[in-house]
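Numbering (my numbering), first residue to last: 11 to 927.
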């Protein structure tokens, strides 16, 4: 007992105040670095460290650490993480456990308390390395080597599956029951996956750092076999009941391994890295209170081990260890140079200790980390000391707080989700804008979805089938798509043939039309494309050097050709990457928009060969424009000649047309009918009644044309009804006629109604109405037809004939066939030119049927070299005679009766010739 006069003794409050000041300095973690106490001038070197604070007190002050524990519990604003361990008196111990067992038991209790929820305000403390080492040391060993290895591996895997806890939180029986209830494939996964992941952890392939750390830490390394499992076997049984460490294992090394594992877990919890936000929340170091330590109860030994491990590793341990004892540890025999300072001088003693730390630690002195402080002999009882000073904890940075991180996480997730949604919707919208194509598609830049009048069209140019964005699924729609795909397939054959024989003439043309899902549009476009495909296939079969190869691109200008401007822009884009594009064929519907499209195509210098257009004014729009079909005036002449024979009793003519000013076809054909039916030079004149004009049909309104059909039933029997409109309204007109007229009308329809007559579904809706149709070509049931064009169709469309031997193809197929043949004819004329220009093709096409410049005498049989022969097409002779419209082009008249396929009634070249029957 130290002899101090009672008057010199400090009060318990003063003792606790000084002690709390030291604890406050040591526990406060700086914002940056790891230098507790705010030591000025401290370097980030070996002088970093927290001492082992050893409080040397008399028996009267035995309650000192308990009071300190109370202050740690009520720190502001929250409890400082701490653990309290009371070492037993020597006489209370009945056995003498090994040093490893003593150290392990104390550290296990401390780890359990530090990791409790009560100490989790500033971040939960976990001890995976220490728990693994301690668990291994407590495992029993088996008999043989193989048995021991297998058993240990199994137990390690089960422990890993249970969360590497020191307690079996989930009984094995629960796992077995769950496995039995799972399906067989889940049982296979549950059996194989944990084993795979566990072995990957042992090899460091997936997260499992405690396994890697155990192989790299410095203790027991000399005998390490190099694998985790081998190292683990050395630890097995060290602390098992009734066993002691193997004779060849150093118990001191085993004890240091335990201590180092414990300290490493604490270090990892405080490691500052950008991705470890929880480390920033730790603004206070944890405290371990070791009360009643003695040399004979393992307390001194534990402090000495901690000192030695710190000397060995040189690592900073963010842990304050405060011990309470009656003598100075670690040897209870203090030398003069280690005489403890009084606790009221703790601050000065701490500064002295820090100055000597680097030297003492490098010298591995057994007391390098000890800071002994003597407490004056005052009685301190728990609950009797209300010091004015309290411990405080610096608040965590706002950005590291849980609610802030939760908000940030939610915002980040929201941003990611919003970005992902934006990206997905952007991609989806972009694909939708380009008819469902992805950006990597070769047709992506030349196809676009355009909306107008409540419907959508896929407009542009494509090397493959153009999707339809309106209408419903039907066999006719599927047939149309199959024909497009056939042309795309033949395009690939054309490219291969060109590679195999580059001496053959080669060019690319674009089939442009008004594509939509409407039945009448599907029927005619299918027929035209079948004709194009047949001609393209015929060219592929001709393998001589002078026989041309033609690739056919597909183009859509909208259901009423309303997007011709956009089509031309897409075509220009395609032409920039493919200079072999030299012309256009097809086109549809004589409208104002079609006229504008022809004008723009002509400005690009492209020959344009229309298959079915007939407006009288179109040839004047562009010198590059040609047509296979006759014009409306020629059609009106044929209508008059046919009416003179078939409808001789009808003296009046009622023309039905559209009110749409944009529909040039209807207005122009009606005017041609009006002019020719009053032209006396054609044999007779008829009274032409005022036109009946209908509003174009919309998706919601079909009433106007139907009402006109009802009105026609009021006409007298001597009236011939001549329809100069579109097939869509013709169906509505027939609705009105079929439901109102008691007898048959004399009804003659213009050529565009062939789109209606070629569609079996539309045709069969009104079997009671008989009507005649002017047609520029005659269709056929191609599967049994003998003509060359139909034989070629039979070859390339076998599936169509297999499905229905009576498959009908409209006569517009022959018009499109002839349009492509016109390009082939011009390319043959230009041979040996193998890459003809659009200008060369235009000039050659213009010369077809051109009369001689210097016609000879009647007896002169020598041909004039300036003349060009007439082209014998499948739809009739093509004789331009220096113009752009065939001269006296054939027109046929067909009759539809009882909804059956059209039957030929007359063929008109220079004059109309009726057919038999």
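All residues carry an ideal CB built from backbone N, CA and C; glycine is no exception. Here the structure is a predicted model, which is why all the values come from computation and not from measurement.
Query raised in the report: Closest by CA to residue 468, which one among 921, 229, 444 and 486?
Result: 444
Query raised in the report: With burial defined as no fewer than 16 other Cβ atoms inside 10 Å of the residue's Cβ, what is the status of residue 371: buried or exposed?
Result: buried
Query raised in the report: Which residue's Cα is closest to the Cα of residue 619: 794, 592 and 80?
Result: 592
Query raised in the report: What does a CB cutoff of less than 6 Å around residue 301 pick up in its chain, not counting 5 residues either side in sequence?
Result: 75, 96 and 334
Requested in this report: Measure the C-alpha to C-alpha separation of residue 176 and residue 117 and round it to an integer number of angstroms.
Outcome: Residue confidence is low: residue 176 scores 43 on pLDDT, short of 50, so the model does not pin down where it sits. No coordinate-derived value is stated.
Query - Cβ-based neighbour list, residue 535, same chain, cut-off 7 Å, excluding 5 preceding and 5 following - result: 490, 523 and 525
Query - Exposure label - residue 43; buried when at least 16 CB within 10 Å - result: exposed
Query raised in the report: Between residue 902 and residue 914, what straight-line distance do the alpha-carbon atoms span, to the nearest angstrom?
Result: 7 Å
Query - Nearest-angstrom beta carbon gap, residue 683 and residue 665 [assumed within contact, 8 Å] - result: 5 Å
Report task. Could you check the C-alpha separation between residue 923 and residue 900 for me, to the nearest Å? Result -> 11 Å
Query raised in the report: First and last residue of the beta strand (DSSP E) that includes residue 594?
Result: 591-596
Query raised in the report: Roughly how many angstroms separate the alpha carbons of residue 531 and residue 488, rounded to a whole number?
Result: 13 Å
Query raised in the report: CB-CB under 6 Å to residue 756, same chain, minus the five flanking residues each way: which ones, in chain order?
Result: 657, 660 and 730
Requested in this report: Within 10 angstroms of the Cβ of residue 366, are there 16 or more other Cβ atoms? Answer buried if so, exposed if not.
Outcome: exposed
Query raised in the report: Would residue 568 pass as a contact of residue 521 if the rule is Cβ separation under 8 Å?
Result: no
Query raised in the report: When the Cα of residue 292 is compared with those of 362, 91, 322 and 566, which residue comes out closest?
Result: 91
Query raised in the report: Are the beta-carbon atoms belonging to residue 648 and residue 825 less than 8 Å from one another?
Result: no
Query raised in the report: Relative to the C-alpha of residue 378, which residue among 339, 579 and 413 is closest?
Result: 339
Query raised in the report: What does DSSP give as the partner residues of residue 810 in its beta bridges?
Result: DSSP, once it has assigned bridges, lists no residue as partnering residue 810.
Query raised in the report: Terminal residues of the continuous beta strand (DSSP E) containing residue 380?
Result: 380-384
Query raised in the report: Can the beta-carbon of residue 123 be found closer than 8 Å to that of residue 85?
Result: no
Query raised in the report: Between which two residues does the alpha helix (DSSP H) carrying residue 9 extend?
Result: This structure cannot settle anything about residue 9, because the visible part of the chain is limited to 11 through 927.
Requested in this report: Taking only the alpha-carbon atoms, compute the straight-line gap between residue 22 and residue 78 and give it to the nearest angstrom.
Outcome: 12 Å
Query raised in the report: So does the stretch 274-281 actually touch the stretch 120-140, counting three or more Cβ pairs closer than 8 Å?
Result: yes
Query raised in the report: Between residue 39 and residue 436, what straight-line distance do the alpha-carbon atoms span, to the nearest angstrom?
Result: 49 Å
Query raised in the report: Is residue 675 near residue 599, with beta carbons less than 8 Å apart?
Result: yes
Query raised in the report: residue 668 lies in the beta strand (DSSP E); which residues open and close that run?
Result: 662-668
Query - Beta-ladder partner(s) of residue 723, from DSSP - result: Bridge partners of residue 723: none, in fact.
Query - Cβ-Cβ distance between residue 331 and residue 142 below 8 Å - result: no
**Report entry** Span separating the alpha-carbon of residue 221 from that of residue 351
**Finding:** 43 Å
Report task. Determine, using beta carbons only, whether residue 886 and residue 860 come nearer to each other than 8 Å. Result -> no
Query raised in the report: Which full runs of the alpha helix (DSSP H) of 4+ residues lie inside the stretch 481-511, going along the chain?
Result: 485-510
Requested in this report: Rank 307, 299 and 138 by C-alpha distance to the C-alpha of residue 270 and give the top, closest one.
Outcome: 138
Report task. Could you say if the stretch 495-512 and the stretch 538-547 meet the contact criterion of at least three C-beta pairs nearer than 8 Å? Result -> yes
**Report entry** Contact under 8 Å by Cβ, residue 514 with residue 855
**Finding:** no
Requested in this report: Could you tell me if residue 728 is buried or exposed, where buried requires 16 or more neighbouring beta carbons within 10 angstroms of its beta carbon?
Outcome: exposed
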